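Asks: Handing you a structure now.
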Amino acid sequence: MAYRLALATLAATGVLILLGGLVTNTGAALAVPDWPSTFGYNMVLFPWSRMVGGIFYEHSHRLMGALVGLLTLALTALLWREGRLRRLGLVAVAVVLAQGVLGGLRVVLLENTLAIVHGSLAQAFFALLAAIALLTAPRGRVAGARVEPALKGLTVLAAALVYAQIVFGALLTHAGRIDLHLAGAVLVFAIVPIVTAPLRRTGDAVAAPVSRLLLVLLGAQLLLGVGSFLARFSPFWIPGEQLAGVALPVAHRLVGSLILAAIVILSVRVHTVNAEPERVDQAPRSHAASVSGHPRSDAASRTPLQQTHAASVSGHPRSEPADERSHAASVSGHPRSEPASRTPLQ
Ligand code: HEM
């Protein structure tokens, strides 16, 4: 349930970033001059018939922001109830509240710096939700390949560089600083393939496919970046000039979010992965799943070694899955805890 809600919140945030991009690149940021009201109306009561032109982009961005806020609250409440990732949930709520206030203050104070911080924090929030989705995903619990400490460090460095590149992108959009963004692009295009090459070869259920996807995204980002550059800075004619001038940077920003989410997922994965490779379709029947009291674990699927272990833990030779739950509880002292399938972040 938490996984599905995390995915829904992530998807809604993707749409929010898309709408934010439309607000920025159509110049609609100040189409609605007041905040938190909209032309004096309560935000949710503003008439749909008046949502035209720039007002449409700006007001839909606000409504979507409210929806993402509500989804984040629900996700955090659920994580709290389930007793996992509580701190990450609270951080998500703090960021989404800060984002709302920053967006509003940017309208009221007409401050460009606030737009830069708002744009950058939006991407960090998206990446945080991606990490929560990974940590609540059934696939995220599958044990995987061991990764060298040096590669773990490089993955984090790559994530930090991608984030810096996103901040440089915001500086380019709002302050015209192109030098940092171009230098950052060189570094990102150099380090990401260095990280993804060995991770692709691990065959890890998460790291390998995400690494492949990341390379595809990087290729697309190069084309979109060059297109955005030509549309904004060069006198060259490009097809569909006006539309391209909006669509290219909006898509470039969104693909930037996906790149950040992918590299953050890789960083979290290499730091939380459980050890030896284990096939995805075996996961629910694994020892880890059965010790955790997973609903699909059953005594019949255990190897003789596992059966002996379970029996000796519970003190009864024919112990049933119910006994395993009490084993899990006795290890951690909490009836709902899942020690074997937990990652360090959980
Ligand atoms: C992985 C590499 C890259 C990432 C992650 C990235 C990310 C971003 C992001 C997130 C923005 C929008 C920031 C905001 O407004 O909040 C941006 C803007 C921009 N980027 Fe990149 N970028 C990358 C590479 C490139 C490259 C190679 C070029 C072109 C040579 C480029 C050209 C631009 C331009 C021209 C803008 C300004 C668009 C506008 O007018 O709004 N980027 N970038």
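Residue numbers (numbering that gives the first Met the number 0): 0 to 345. Glycine included, each C-beta is placed from N, C-alpha and C at the ideal position. It should be emphasised that the depicted structure is a prediction, and the values quoted were computed from it without experimental measurement.
(1) Under a three-way DSSP split, which group does Thr-37 fall into?
(2) Relative to the C-alpha of Ala-129, which candidate in Gly-202, Ala-159, Val-146, Ala-91 has its C-alpha closest?
(3) Hey, how far is the Cα of Trp-47 from the Cα of Asp-178?
(4) Under the rule that 16 or more other beta-carbon atoms within 10 Å means buried, what is Val-215, buried or exposed?
(5) Could you give the DSSP three-state label for Pro-238: helix, strand or coil?
(6) Ligand 1 and Ala-184: does the residue's C-beta get closer than 8 Å to at least one heavy atom of that ligand?
(7) Would Pro-303 be called buried (16 or more neighbouring beta carbons within 10 Å of its own) or exposed?
(8) According to DSSP, is Thr-57 part of a helix, a strand, or is it coil?
(9) Given the structure, does Ile-237 come close to ligand 1, in the sense that its CB is under 8 Å from one of the ligand's heavy atoms?
(10) Please report how far the alpha carbon of Ala-282 lies from the alpha carbon of Val-141, in whole angstroms.
(11) Measure the alpha-carbon distance for Leu-104 versus Thr-112 and round it to whole angstroms.
(12) Count the other CB atoms, across all protein chains shown, that sit within 10 Å of the CB of Ala-132; report buried if there are 16 or more and exposed otherwise.
(13) Grab the span of the alpha helix (DSSP H) containing Pro-395 for me, first residue to last.
(14) Closest by CA to Ile-262, which one among Trp-79, Ile-190, Gly-64?
(15) Please look up how many angstroms separate the CB atoms of Lys-151 and Val-269, rounded, as I've assumed it's under 8 Å.
(16) Based on Cα-Cα distance, which residue from Leu-9, Leu-171, Phe-167, Val-106 lies nearest to Leu-69?
(17) My guess is that Ala-28 and Gly-52 are in contact by the Cβ rule of under 8 Å, so how many angstroms apart are they, rounded?
(18) I need the boundaries of the alpha helix (DSSP H) containing Val-225, first residue and last residue.
(19) Since Val-116 contacts Trp-34 with CB under 8 Å, what's their CB separation in whole angstroms?
(20) At a cut of 8 Å, does the region 253-260 reach the region 119-129 through at least three beta carbon pairs?
(21) Please tell me whether, using a cut-off of 8 Å, the distance from the CB of Gly-24 to the nearest non-hydrogen atom of ligand 1 is below it.
(22) Could you work out which residue in Ala-144, Ala-204, Ala-169 is closest to Pro-248 when comparing CA atoms only?
(23) What are the boundary residues of the alpha helix (DSSP H) that includes Pro-32?
(24) Relative to ligand 1, is the shortest distance from any of its heavy atoms to the C-beta of Leu-89 smaller than 8 Å?
(25) Quick one: does the C-beta of Leu-96 sit closer than 8 Å to a heavy atom of ligand 1?
(26) Assuming Ala-132 is part of the alpha helix (DSSP H), what are its boundary residues?
(27) Nearest to Ala-184 by CA position, among Leu-84, Ile-54, Phe-167, is which residue?
(28) Under the rule that 16 or more other beta-carbon atoms within 10 Å means buried, what is Phe-38, buried or exposed?
(29) In or out: Ser-210 buried (at least 16 other Cβ within 10 Å) or exposed?
(30) Give the DSSP-derived three-state secondary structure of Leu-84 in the structure shown.
(31) If we ignore side chains and look at the alpha-carbon of each, how far apart do Gln-122 and Gly-102 end up?
(32) So, helix, strand or coil for Val-146, using DSSP?
(33) Here's the rule I'm using: 16 or more other beta-carbon atoms within 10 Å means buried, otherwise exposed. How should Leu-78 be labelled?
(34) Around the Cβ of Gln-241, are there at least 16 other Cβ atoms within 10 angstroms (buried) or fewer (exposed)?
(35) Closer than 8 Å by C-beta to Tyr-56: which residues in its own chain qualify, once you throw out the five before and the five after it? Chain order, please.
(36) Is any heavy atom of ligand 1 found at a distance shorter than 8 Å from the C-beta of Val-269?
Replies: Quick look at the numbers:
(1) strand
(2) Ala-91
(3) 42 Å
(4) exposed
(5) coil
(6) yes
(7) With a pLDDT of only 32 at Pro-303, under 50, the local geometry of the prediction cannot be trusted, and the value read off the model is given with reservation. It counts as exposed.
(8) Sequence inspection shows Glu at residue 57; the Thr mentioned does not correspond to that position. Of the three classes helix, strand and coil, the one that applies to Glu-57 here is helix, per DSSP.
(9) no
(10) In this predicted model, Ala-282 has a pLDDT of only 42, less than 50, meaning its place in the structure is not dependable; the value taken from the coordinates is given anyway. Going from the Cα of Ala-282 to the Cα of Val-141 covers about 6 Å.
(11) 11 Å
(12) buried
(13) Residue 395 is absent from the structure shown; the chain starts at 0 and stops at 345.
(14) Ile-190
(15) 5 Å
(16) Leu-9
(17) With 8 Å as the limit, Ala-28 and Gly-52 do not qualify as a contact, their Cβ atoms being about 13 Å apart.
(18) 206-232
(19) Not quite, the Cβ-Cβ distance comes to about 16 Å (not below 8 Å), so this is no contact.
(20) yes
(21) At residue 24 the sequence reads Asn, which differs from the Gly that was named. Answer for Asn-24: yes, Cβ within range of ligand 1.
(22) Ala-169
(23) Unbroken run through Pro-32: none, as it is neither H nor E.
(24) no
(25) no
(26) 111-135
(27) Phe-167
(28) exposed
(29) buried
(30) coil
(31) 14 Å
(32) coil
(33) buried
(34) exposed
(35) Leu-18, Leu-21, Val-22, Thr-25, Ala-27, Ala-30
(36) no
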